[in-house]
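Visitor: I'd like to ask you about the structure that follows.
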Amino acid sequence: MLETKPQNFIEQIVETDLSSGLPSSALRFRFPPEPNGFLHIGHTKALGINFGLADKYSAPVNLRFDDTNPSKEDQRFVDAIKKDIKWMGYSWSKETYSSDCFDQLYLWALKLIKHQHAYVDSQNSNAIATQKGTPTSAGTNSPYRNRPIEESLALFESMKNGETKEGELVLRAKIDMSHPNMLMRDPIIYRVINKSHQRTQNKWRIYPMYDWAHGQCDYIEQVSHSLCSLEFRPHRDLYDWFLSTIKSQCDVAGLRIVPKQREFARLNLSYTIMSKRKLFSLVEQNYVSGWDDPRMPTISGLRRRGYTPNSIKNFISKVGVAKRDNIIDVSLLEFCAREDLNKSSTRAMAVLNPVLLKIVNYPKNKEEELFFVDNPESEEPNTRPLTFNSELYIEKEDFSADPPLGFKRLSIGSEVRLKSGYIVKATHVELDSSGNLTAICCEYDPKSLSGSGSLESQRKVNTTIHWVCKKTALSAEVREYERLFTSPSPDSDPNIPFETYINKNSLQIRKAFVEPFLSSSKPADKFQFQRLGYFNTDDNSSASQLIFNKTVSLREQKIKKPRPQTAKEMRELKPIEAIKKLGKKYAKLSSDKQSVVKQQVLSLSQKIALNDLAPLFSTAIKKRGTRAVVLISLSALKSRGVSLSDDARDFVSKALVDQEQWIKDLSNNLL
RNA sequence: UGGCCUAUGGUGUAACUGGUAACACGUCUGUUUUUGGUGCAGAAGAGUCUAGGUUCGAAACCUAGUGGGCCAACCA
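With the first letter of the first sequence counted as 1, position 284 gets the number 266 in the numbering used here; the numbers rise by one all the way through.
Here it is in structure tokens:
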């Protein structure tokens, strides 16, 4: 089958390389997290790109932990990252570490010094920073730039042996202090960190910087395409410089593939923060319960929230790959969750905000077994038994004493069906001494039992509501989540701390009643609580203390009020809109109809407030179809004694160039 | 001496590499429905940031401008 999906630009690059001679067996990718935090939804994009490519071309992906900075990294993050990637269903080829390359990196650094491509600088970081210059002004050379090779070698050796303190000496590549790309201004490649490393222990006191490690590790691992996010674009110059310098100075037999770095736009999600530092702070300041709090955008948070690997993968493929900055609406993620969960999740009834429903004409001691369909979406739906008697719980929201227009649920005198059960009609309510609702009383239609086949059972009522039987229901804790932030882009303004936008109500805990069969649910089991949304059993849930997390609500449709659209209202319906509509049609109409439209527009434009006509003019004039109409509207302005500003006049005359004669006439008259 | 990246409906991504814009989400309509869900059918919404240029023809190529982003950690 031919590839039908459009290629993204990275696939095109790979395709081009392949067609210009790169054997497909040489294709190799890598996913290189720094083990200093948990993976989040942003990382799943990189995961999806790399593993997607790997899948498409049957190429390997290395999982490489970028562990060049022992002061920030930790083994527990390595473990968590591996767990999350496995959960997503990706399997990597080799597990590697940047630290695996430390020896080779050191040897290459030596070569660099010997070939005058690197030197040890004895200045402190301030001095070095100042000499770098600014983006708009060149830097100046370090006084140590031309230090003799032997001296640099000796000092580098002392750094390596732990004979210098942190910050005293650094090794710098000698490139160009006036390079327009700041990263090329003699970047630091080694610094002293007097810390033991989680893998190499105390072997090293010098650790390579990102730029000195990343490309070289790609090269050593023979990665063909090193894909990263856009902010690394300026690093590409350095990446290439290091590789070509090494290739020209060092013996690199056997390393045939020179990797390419290419960059894509990272994923941003509305109402979400993605910065590891900020996620850290959410955890540390206890705004959330941990890295796997269901409100966190981490993979482990999404997992606990109830997202499936499938839904996340679908999301990533819908998001696409390009190079422009983007903010994806969370509604897309939610759509992917619903789409996946709708097909697979068992339906259940749970009442989150219970109120007692008494069926007054149902025999007090009677009890019967009803049947409930596990999942109507499945091809051969199973059913399960359900106890029904005279006392049930329903949602408070499903009853209204004073139903608004369009309300379809229960109210006094109205009928609804109890899901899989009978049709009931509310008769009255019971209140306590302070006037609070304690129970809703209703009568049921004994012949209306669902599935009984009787004529009454086929009766249509407004809607069907869910319920649980008071006697058999289990109590459970249900955790409902709202967005963690109240702003679509909580960290867009550097002057406003993102904590400002934390939603205080992001977690709501409800004491709910659920169907008894849920007592056997295990963590991560997924359900659709009928009419409410998708829920998943929490990690801490047990038969004695059931806990469910809400993944996402069902898609909610606005309540449609039967519209009282009188002819009068229709007439008052925005002349502006009417004009726009007419304008669109105009070009397609026959000439006699056009003249009718002209008249309509003219009379409509008389009804528009002058203030509204101006914005209509400025937006609509750009659109071909509406130009004509706007010009007609102008005549209305004229007839009301309003004259155009010079700007507007200018604008109109330009717009006139390719208009028809009658418009020109009309407008010239105006101008 | 600034460099680099980028600009297409509300959002995101396409447009077979030059033949006047498509897909998904969202929105709205209708319909089915024992979930105000799902499904089905349909609609509205951009003329591709601006101005020049190349071309028979530009969203695409060129130039300039404008807007947005990244770069001045011994972070990655």
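Glycine included, C-beta positions come from ideal geometry on N, C-alpha and C.
These numbers come from a predicted model, not from an experiment.
Please list, in chain order, all residues of the same chain as Ser1 whose beta carbon is under 7 Å from its beta carbon, the five residues on each side excluded.
Guide: none
Visitor: In angstroms with no decimal places, state the Cα-to-Cα distance between Lys147 and Lys76.
Guide: Inter-residue distance for Lys147 and Lys76 is about 36 Å (C-alpha atoms, whole angstroms).
Visitor: Compare the beta carbon distance of Leu165 and His217 with 9 Å and say whether it is the shorter of the two.
Guide: yes
Visitor: Applying the criterion that 16 or more other CB atoms from any shown protein chain within 10 Å of the CB defines a buried residue, is Leu555 buried or exposed?
Guide: Residue confidence is low: Leu555 scores 43 on pLDDT, short of 50, so the model does not pin down where it sits. Its coordinate-derived value is still stated next. Burial check for Leu555: the Cβ neighbour count within 10 Å stays below 16, so the residue is exposed.
Visitor: So what's Arg46 in DSSP terms, helix, strand or just coil?
Guide: strand
Visitor: Buried or exposed for Lys442, going by 16 or more other Cβ atoms inside 10 Å?
Guide: exposed
Visitor: Name the residue from Leu456, Ser474, Lys540 whose alpha carbon lies nearest to the alpha carbon of Ser501.
Guide: Leu456
Visitor: Classify Lys566 as helix, strand or coil using the three-state DSSP reduction.
Guide: With a pLDDT of 49 at Lys566, under the threshold of 50, the predicted position of this residue should be treated as unreliable, and no value is reported.
Visitor: In terms of residue numbering, what span does the beta strand (DSSP E) encompassing Ala408 cover?
Guide: 405 to 413
Visitor: List the DSSP bridge partners of Ala155.
Guide: In DSSP, Ala155 forms a bridge with Ala100.
Visitor: Return the Cβ separation of Phe(-9) and Lys305 in integer angstroms, given the expectation that the two are a contact with Cβ distance under 8 Å.
Guide: 7 Å
Visitor: Mind checking whether Asn296 and Gln510 have CB atoms under 9 Å apart?
Guide: No, Cβ-Cβ distance for Asn296 and Gln510 is not below 9 Å.
Visitor: Are Ser257 and Thr290 closer than 9 Å when you measure CB to CB?
Guide: Thr290 sits away from Ser257, with the two beta carbons spaced by 9 Å or more.
Visitor: What does the alpha-carbon distance come out to for the pair Lys64 and Asn18?
Guide: Cα to Cα, the separation comes out at about 13 Å.
Visitor: Is DSSP giving Ile63 helix, strand or coil here?
Guide: In this structure, Ile63 counts as helix in the three-state DSSP scheme.
Visitor: From the DSSP output, in three-state form, read off Tyr172 for me.
Guide: Three-state DSSP puts Tyr172 in a strand.
Visitor: Taking a contact to mean a Cβ-Cβ separation below 9 Å, would you say Gly197 touches Pro241 in this structure?
Guide: yes
Visitor: Between Leu334 and the rest of its own chain, which residues show a CB-CB distance below 6 Å, the 5 nearest in sequence each way excluded?
Guide: Val460, Arg492, Ala494
Visitor: Rounded to whole angstroms, how far is the Cβ of Lys540 from the Cβ of Val301, which I believe are closer than 8 Å?
Guide: That pair is no contact at about 27 Å.
Visitor: So, is Thr365 buried or exposed, given that buried needs 16 or more other C-beta atoms within 10 angstroms?
Guide: Under this definition Thr365 is an exposed residue.
Visitor: Taking Ser488 as the reference, give the member of Glu462, Ser471, Pro479, Phe246 with the closest Cα.
Guide: For the residues Glu462, Ser471, Pro479, Phe246, the minimum Cα distance to Ser488 belongs to Glu462.
Visitor: Identify, in the order they occur along the chain, each residue of the same chain with its Cβ nearer than 6 Å to the Cβ of Gly144, setting aside the five sequence neighbours on each side.
Guide: Annotation for Gly144: Arg187 place their beta carbon closer than 6 Å to its own, counting only its chain and skipping 5 residues before and after.
Visitor: So what does DSSP say about Arg329, is it helix, strand or coil?
Guide: strand
Visitor: How would you call Ser503, buried or exposed, if buried means at least 16 neighbouring beta carbons within 10 angstroms?
Guide: buried
Visitor: Ends of the alpha helix (DSSP H) at Cys199?
Guide: 192 to 203
Visitor: For Thr482, is the classification buried or exposed, using 16 other Cβ atoms within 10 angstroms of its Cβ as the cut-off for buried?
Guide: exposed
Visitor: How far does the beta strand (DSSP E) with Thr369 in it extend, from its first residue to its last?
Guide: 365 to 370
Visitor: Taking only three categories from DSSP, how would you classify Cys232?
Guide: coil
Visitor: Do you know whose CA, among Ser526, Ile239, Ser434, Phe354, lies nearest Leu4's CA?
Guide: Ile239
Visitor: Which of the three DSSP states is assigned to Asn518 in this structure?
Guide: Three-state DSSP puts Asn518 in a strand.
Visitor: Can you give the Cα-Cα distance for Glu373 and Lys348, rounded to whole angstroms?
Guide: Taking the straight line from one Cα to the other gives about 11 Å.
Visitor: Could you name the residues that DSSP lists as bridge partners for Lys508?
Guide: Asn518
Visitor: If I follow the unbroken beta strand (DSSP E) through Leu339, where does it start and stop?
Guide: Bounds of the beta strand (DSSP E) holding Leu339 are 336 to 341.
Visitor: Based on the DSSP secondary-structure assignment, which residues constitute the bridge partners of Ser208?
Guide: Gln243
Visitor: Examine the Cβ distances between the stretch 55 to 63 and the stretch 83 to 102 and report whether three or more of them are shorter than 8 Å.
Guide: Segments in contact, no.
Visitor: Tell me which same chain residues have a C-beta within less than 6 Å of the C-beta of Ser40, skipping the five on either side of it?
Guide: none
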